[in-house]
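These notes are about the structure you will find just below.
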Ligand SMILES: [Zn+2]
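Residue numbers (this note's numbering): 49 to 423.
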């Protein structure tokens, strides 16, 4: 997830304040506005699998694995896709500049963590997982290959990254700035499975709490991914099925693990609420879903936007996405399924197919309930 200060951002807004006289006109306008909101929320949501762009890396990571099952999958994919040895460095990739950005991010995360009172987390069972995300980012500071440029050189010279990543340091990841991946999607951050790349836009701002939250959303996926690969490294069939799930054919519709997405949104929602001293929850409880979707109500949260240093339209929409999430997340006990379904709904609107992991650790299609008030 993540908003983005997109340089050529399409103007989102239309007539939140324009008068509407006929009911049908009003409905159309609202539908359109909701669509815009969701498109922009889309800008914010990290894809669970940017497999199209990074498919090659994914395959290469497992080229030398000792698991025949995984190798078989890899070979199959390699045959289909000649670029399986991995993408070259993105255009304008600047390794030295990235080193500086990484240092800034690591410092900013440490400072952000120090600023937050984790005892204010609303659902206490979220606390260990959230703290772990900060640890994950902190521990990665020692990763020699945290700069994608260095990672690519290691990949080219040793071809044995699978060993280091899956066994010795399973939670290591590499940072990469790549607007060519992110521009069309308007992400500020995204995560690529298996090789574990944290992809950032060139205007990712380590001083922006919203951007740090976006990265923590992606770190949630990273943690889930690394856990799974570690847990199933001796279960080639299961690992192969998982690899296949997160490997996209070109043009294939995105796939989304709704439970993992809900977890990542919950992380962002909790932390934003802690950062705002509980004001996110209060605001969400004071507004209906309709009001949240209606920019005409933005006067309700002007102070919050100031506190978050949010200035442009896209960032406002990102905030609205989290406000919508909060509306369901803070709805009280017994509303977990509704929360999962609103997250599923958002991802579905973004064009993803919905899945959930079954008891056998296989992804099966997920059927959500209609969202009350929106459809
Ligand atoms: Zn996500």
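Cβ coordinates follow ideal geometry from the N, Cα and C atoms, glycine included.
Please read all numbers here as calculations on a predicted model, not as lab measurements.
Cα-Cα separation, residue i to residue j
i, j, result
"residue 335", "residue 189", "41 Å"
"residue 292", "residue 315", "27 Å"
"residue 174", "residue 406", "22 Å"
"residue 107", "residue 326", "The pLDDT assigned to residue 107 is 24, lower than 50, so where the model puts this residue is not dependable; a value taken from the coordinates is nonetheless given after this. Cα-Cα distance, rounded: 44 Å."
"residue 377", "residue 137", "39 Å"
"residue 235", "residue 271", "20 Å"
"residue 146", "residue 193", "12 Å"
"residue 259", "residue 253", "6 Å"
"residue 267", "residue 400", "20 Å"
"residue 87", "residue 385", "At residue 87, the pLDDT of 42 sits below 50, so the modelled position is not reliable; the number obtained from the coordinates is stated separately. Distance between the alpha carbons of residue 87 and residue 385 is about 23 Å."
"residue 80", "residue 341", "Reliability fails at residue 80, whose pLDDT of 40 lies under 50, so the model's placement of it is uncertain and no value is given."
"residue 255", "residue 156", "7 Å"
"residue 328", "residue 408", "37 Å"
"residue 312", "residue 262", "9 Å"
"residue 200", "residue 183", "25 Å"
"residue 361", "residue 344", "13 Å"
"residue 187", "residue 242", "18 Å"
Contact check, residue i vs residue j, beta carbons under 8 Å
i, j, result
"residue 397", "residue 337", "no"
"residue 352", "residue 373", "no"
"residue 248", "residue 237", "yes"
"residue 306", "residue 392", "yes"
"residue 244", "residue 274", "yes"
"residue 403", "residue 330", "no"
"residue 178", "residue 169", "yes"
"residue 317", "residue 370", "yes"
"residue 220", "residue 269", "no"
"residue 332", "residue 387", "no"
"residue 298", "residue 228", "no"
First through last residue of the beta strand (DSSP E) which encompasses residue i
i, result
"residue 381", "Where residue 381 is concerned, there is no enclosing beta strand (DSSP E), given that its DSSP letter is neither H nor E."
"residue 401", "401-405"
"residue 293", "Premise fails: residue 293 lies in the alpha helix (DSSP H), 284-293, not in any beta strand (DSSP E)."
Residue i, enclosing alpha helix (DSSP H) - first and last residue
i, result
"residue 334", "327-334"
"residue 139", "Per DSSP, residue 139 belongs to no alpha helix (DSSP H) and is neither H nor E."
"residue 355", "350-355"
"residue 276", "257-279"
"residue 172", "Counting along the chain, residue 172 falls outside any alpha helix (DSSP H), and DSSP gives it neither H nor E."
"residue 358", "No alpha helix (DSSP H) contains residue 358, which DSSP labels as neither H nor E."
DSSP beta-bridge partners of residue i
i, result
"residue 223", "195 and 246"
"residue 238", "247"
"residue 411", "405"
"residue 305", "403"
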